[in-house]
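Peer 1:
This is the structure we're talking about:
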């Protein structure tokens with residue numbers, strides 16, 4: 899399955915990574931990016947490993963951390 903980010907998602911991701919770097923650390927930012935990358939790989943290979951939306955076909959909810967979820 900192909901996974902892509904909308905323009906809005908890309909903008910928010912950039913802001914989030916900047917926030918992590920400015921307010922936490924390079925290590926924290928890198929760990930988050932690593933988790934996100936792994937989740938994207940996971941859902942592209944096994945989309946059913948994340949809950950499927952009941953409203954939209956081919957839309958899945960994937961939790962990266964307690965604070966971050968992508969669809």
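Numbering (my numbering), first residue to last: 899 to 969.
From the three backbone atoms N, C-alpha and C, an ideal C-beta is built for every residue, glycine too.
Are the CB atoms of residue 958 and residue 950 nearer to each other than 7 Å?
Peer 2: Yes. Within cutoff.
Peer 1: Which of the three DSSP states, helix, strand or coil, is assigned to residue 958?
Peer 2: Looking at residue 958 - three-state DSSP - the assignment turns out to be strand.
Peer 1: Between residue 901 and residue 942, which are expected to be in contact by the criterion C-beta below 8 Å, what is the C-beta distance as a whole number of angstroms?
Peer 2: Yes, they are in contact, since the Cβ atoms of residue 901 and residue 942 sit about 5 Å apart, within 8 Å.
Peer 1: Could you check what DSSP says for residue 930 in three-state terms: helix, strand or coil?
Peer 2: It is helical.
Peer 1: Starting from the Cα of residue 954, find the closest Cα among 940, 947, 969 and 960 and give me that residue.
Peer 2: The shortest C-alpha separation from residue 954 is found at 969.
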